[in-house]
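To start, the structure under review is shown below, and the notes come after it.
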Amino acid sequence: MSGSGFLEKLLNGAEVEWKTLEEVTFPTRNIRWGSADRSYRYIDLTSVSVYTKSITNTSEIAVNTAPSRAQKLVEKDDVIFATTRPTQQRYCLIDEIHAGEIASTGYCVLRANEKEVLPKWILYCISSAKFKAYVEEFQSGAAYPAISDSKVKAFYIPVPCPDNPEKSLTIQGKIVRILDAFTELTAELTAELTARKKQYEYYREQLLTFDDAEVEYMPLGDIAEYSKKRIGFDKLDKSNYVGVDNLLQNRGGRVDSNHVPSSGNVTEYRESDILIGNIRPYLRKIWFADRIGGTNGDVLVVHPTYSIICSRYLFQVLSDERFFNFNIKHSKGAKMPRGSKLQILQYPIPIPYPENPEKSLAEQKRIVSILNKFDALTTSLTEGLPREIELRHKQYEYYRDLLLNFPKPEKDAA
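Numbering (the numbering used here) for the sequence shown: 1427 to 1840.
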């Protein structure tokens, strides 16, 4: 059955009323620090994960340590939505663990009137494409866009069968359970991916740790160089031009560019070169090139030159956490740190069995073969767990918007 057919069967001819979030939520209150008699866990704007829609970390605060924005008391089943940079869609449902704690004034707290709507009904409504479009329309500010609590609460959501609360909540519950199933599957896949990444890091470190008798450490600058060759604009398109924004975080590879420059200097990269994002090195951006293309000065193009170095092996060494920590340590700049090109060339690269080129390359290829399998499982956007998570999330978004697509009269338009 299609989404529209499913809704028609659920409604069975009943009406749908569109109400503002303010109409279906209760007012909330702020803490009175003057009478506070205990410490609290503080939910600030970085506490809620954009990806998992859950609270991942909090800090302990008391009267004498509470920041000025620590004001909003939250209860179990409250929905909190970050009103600063709202298009990031940083929101979550408050669970038992965080009930009674303090949230930043950077959140709008939505406390459902459960005689009319379920808390998760609100949660899924504000996750919808319609709400995101609404936020984009009404946010203000350039550097730090924001939307007011009152404007958030002015958003209209569907309330099926408003004259029959019991039936309305039953309908909401059925739709919520369907969407819960999608989110639970995504959560399970994400947990599996996290476990596999930890396993990957362990094996990478083990495979790239050698006995001193078996290895010689050579500075990167002795076995590779930065590409200095330029490439013409006529040879570039969105699939082969790579800016730092097109490199994905945490060794995630790359995505196509949404623009191609027509002026300035563009450095050429070739197949099997290694591209490293040199802005904010803590983002761990790196890609093994599989084509010829161009990039700018924010991306370093490392071209292997040593006769007994396997390019894929060098990529794995530079993808290791130890290299990123080295790069972060030697980066400069506060707001926009940049890695040191000179220091990077001093990074020690382990060359196994340097006196025996054939054995050295065989060992490098053995290590690459093992780590490539983990790469595909944990970072590939075309296969492995990330691809599966992306597909399940798109499926969830499709059904979420379909199942919340109730008929809306023009007079109720927000």
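The C-beta atom is built at its ideal place from N, Cα and C for all residues, glycine as well.
(message) Suppose you measure from the CA of ILE1601 to the CA of ALA1525; what does that come to, to the nearest Å?
(response) For the purposes of this step, residue 1601 is identified with residue 175 of the sequence shown, where counting begins at 1. For the purposes of this step, residue 1525 is identified with residue 99 of the sequence shown, where counting begins at 1. Going from the Cα of ILE1601 to the Cα of ALA1525 covers about 25 Å.
(message) Tell me the DSSP secondary structure of GLN1497 in three-state form.
(response) Walking along the sequence shown from the start, residue 1497 turns up at place 71. In the structure shown, GLN1497 sits in a strand (DSSP, three-state: E or B).
(message) Could you give the first and the last residue of the continuous beta strand (DSSP E) run that contains PRO1850?
(response) With the chain running from 1427 to 1840 in the structure shown, residue 1850 is simply not present.
(message) Can you find the residues in the same chain that come closer than 6 Å, C-beta to C-beta, to LEU1662, ignoring five residues on each side of it along the sequence?
(response) Position 236 of the sequence shown, counting from 1, holds the residue named residue 1662. Hits under 6 Å: VAL1686 and GLY1720.
(request) Would you mind sorting ARG1717 into buried or exposed? The rule is 16 or more other CB atoms within 10 Å of its CB. (result) Here the question's residue 1717 lines up with position 291 in the sequence shown. The residue is exposed, with fewer than 16 neighbouring Cβ atoms inside 10 Å.
(request) Could you give the DSSP three-state label for TYR1708: helix, strand or coil? (result) Position 282 of the sequence shown, counted from the start, is the residue given in the question as residue 1708. Three-state DSSP puts TYR1708 in a helix.
(message) So, for SER1786: in the same chain, excluding its five sequence neighbours on each side, which residues have a beta-carbon less than 8 Å away from its beta-carbon?
(response) Counting from 1 along the sequence shown, the entry for residue 1786 is found at position 360. Here the set comprises ILE1734, ILE1777, PRO1778, TYR1779 and PRO1780.
(message) In the DSSP assignment, the alpha helix (DSSP H) including SER1688 goes from what residue to what residue?
(response) As a working note, residue 1688 is residue 262 in the sequence shown. Here SER1688 belongs to no alpha helix (DSSP H), and DSSP marks it neither H nor E.
(request) Apply the 10 Å Cβ neighbour rule to LEU1673 and answer buried if 16 or more other Cβ atoms are within range, or exposed otherwise. (result) Here residue 1673 is taken as the residue at index 247 of the sequence shown, counted from 1. Result: buried.
(message) Under DSSP, the beta strand (DSSP E) around LEU1519 begins and ends at which residues?
(response) Counting from 1 along the sequence shown, the entry for residue 1519 is found at position 93. Note, LEU1519: beta strand (DSSP E), 1517-1519.
(message) How far does the alpha helix (DSSP H) with THR1510 in it extend, from its first residue to its last?
(response) As a working mapping, residue 1510 is identified with position 84 in the sequence shown. First-last for THR1510: undefined, no H or E at that position.
(message) Going by beta-carbon coordinates alone, are VAL1743 and THR1693 separated by less than 8 Å?
(response) For the purposes of this step, residue 1743 is taken as the residue at position 317 of the sequence shown. For the purposes of this step, residue 1693 is taken as the residue at position 267 of the sequence shown. Contact: no.
(request) Can you check the segment 1562-1631 for any beta strand (DSSP E) of at least 3 residues that lies completely inside it and give the ranges in chain order? (result) 1582-1586
(request) In angstroms with no decimal places, state the Cα-to-Cα distance between ARG1458 and LEU1646. (result) By one-based count along the sequence shown, residue 1458 stands at place 32. By one-based count along the sequence shown, residue 1646 stands at place 220. Answer to the nearest angstrom: the Cα atoms are 58 Å apart.
(message) Check whether the segment 1527-1542 and the segment 1495-1515 are in contact - that is, three or more C-beta pairs closer than 8 Å.
(response) The segment 1527-1542 vs the segment 1495-1515: in contact.
(request) Note down the Cα distance separating GLU1627 from VAL1474, rounded to an integer number of angstroms. (result) Translated into the one-based positions of the sequence shown, residue 1627 becomes position 201. Translated into the one-based positions of the sequence shown, residue 1474 becomes position 48. Roughly 25 Å between the two C-alpha positions.
(request) Spatial neighbours of ARG1826 within its chain, please: CB distance less than 8 Å, with the 5 preceding and 5 following residues excluded, ordered by chain position. (result) Indexing the sequence shown from 1 puts residue 1826 at position 400. Counting only Cβ-Cβ distances below 8 Å, and skipping sequence neighbours, we find TYR1550, SER1553, SER1554, LEU1605 and PHE1608.
(message) Since PRO1774 and TYR1643 should fall inside the 8 Å C-beta cutoff, what is the C-beta to C-beta distance between them, to a whole number of angstroms?
(response) Here the question's residue 1774 lines up with position 348 in the sequence shown. Here the question's residue 1643 lines up with position 217 in the sequence shown. Contact holds; Cβ gap of about 4 Å.
(request) Tell me LEU1536's beta-bridge partners as DSSP assigns them. (result) Here residue 1536 is taken as the residue at index 110 of the sequence shown, counted from 1. Looking at the DSSP assignment, LEU1536 forms a beta bridge with VAL1505.
(request) State whether the segment 1438-1454 contacts the segment 1580-1592, with contact taken as three or more CB pairs (one from each stretch) at a distance under 8 Å. (result) yes
(message) For PHE1452, count the other beta carbons within 10 Å of its own beta carbon; 16 or more makes it buried, fewer makes it exposed. Which is it?
(response) Here residue 1452 is taken as the residue at index 26 of the sequence shown, counted from 1. Under this definition PHE1452 is an exposed residue.
(request) Can you tell me which of the three DSSP states ILE1770 falls into? (result) The residue labelled residue 1770 in the question sits at position 344 within the sequence shown. Residue state, collapsed to three classes: helix.
(request) List the residues that DSSP assigns as beta-bridge partners of TYR1652. (result) Here residue 1652 refers to the residue found at position 226 when the sequence shown is read from its first residue. DSSP output for TYR1652 lists VAL1728 as bridge partner(s).
(message) Run through the DSSP bridge pairs and tell me what TYR1822 is partnered with.
(response) Translated into the one-based positions of the sequence shown, residue 1822 becomes position 396. DSSP output for TYR1822 lists no bridge partner at all.
(message) If you measure between the beta carbons of ASN1751 and GLY1765, is that distance less than 8 Å?
(response) By 1-based counting over the sequence shown, the position of residue 1751 is 325. By 1-based counting over the sequence shown, the position of residue 1765 is 339. Annotated as distal: ASN1751 and GLY1765, with beta-carbon spacing of 8 Å or more.
(request) Please classify ILE1777: does DSSP put it in a helix, a strand, or coil? (result) The residue you call residue 1777 lines up with position 351 of the sequence shown. Strand, per DSSP.
(message) For ILE1528, list the residues DSSP reports as bridge partners.
(response) Residue mapping note: residue 1528 aligns to position 102 of the sequence shown, counting from 1. Beta-bridge pairing links ILE1528 to TYR1468 and LEU1499.
(request) Could you check if TYR1708 is buried or exposed, using at least 16 other CB atoms within 10 Å of its CB as the buried criterion? (result) Numbered from 1 along the sequence shown, position 282 holds the residue referred to as residue 1708. So TYR1708 counts as exposed.
(message) In whole angstroms, give me the CA-to-CA distance for LYS1479 and THR1510.
(response) Along the sequence shown, read from residue 1 onward, the residue named residue 1479 stands at position 53. Along the sequence shown, read from residue 1 onward, the residue named residue 1510 stands at position 84. Going from the Cα of LYS1479 to the Cα of THR1510 covers about 16 Å.
(message) Tell me the rounded alpha-carbon separation between PHE1741 and ASN1676.
(response) Here the question's residue 1741 lines up with position 315 in the sequence shown. Here the question's residue 1676 lines up with position 250 in the sequence shown. Computed Cα separation, rounded: 14 Å.
(message) As a quick exercise: from LYS1755, ALA1462, ASP1801 and ILE1705, pick the residue whose alpha carbon is nearest that of LYS1761.
(response) The sequence position of residue 1761 within the sequence shown is 335, counting from 1. Closest option to LYS1761, Cα to Cα, is ILE1705.
(request) Excluding the 5 residues preceding and the 5 following LYS1664 in the sequence, name in chain order all residues of the same chain whose CB lies nearer than 8 Å to its CB. (result) Within the sequence shown, residue 1664 is the residue found at index 238, counting from 1. Contacts found: ASP1682, SER1683, ASN1684, HIS1685 and VAL1686.
(request) Return helix, strand or coil for GLU1443, following the three-state DSSP convention. (result) Position 17 of the sequence shown, counted from the first residue, corresponds to residue 1443. Here GLU1443 sits in strand by DSSP.
(request) Over the uninterrupted alpha helix (DSSP H) stretch that includes VAL1794, give me the two end residues. (result) The sequence position of residue 1794 within the sequence shown is 368, counting from 1. Unbroken alpha helix (DSSP H) run through VAL1794: 1783-1804.
(message) I need the boundaries of the beta strand (DSSP E) containing ILE1702, first residue and last residue.
(response) Indexing the sequence shown from 1 puts residue 1702 at position 276. ILE1702 -> beta strand (DSSP E) spans 1700-1703.
(message) Per the DSSP calculation, PHE1557 is bridged to which residue(s)?
(response) By one-based count along the sequence shown, residue 1557 stands at place 131. PHE1557 is not bridged to any residue.
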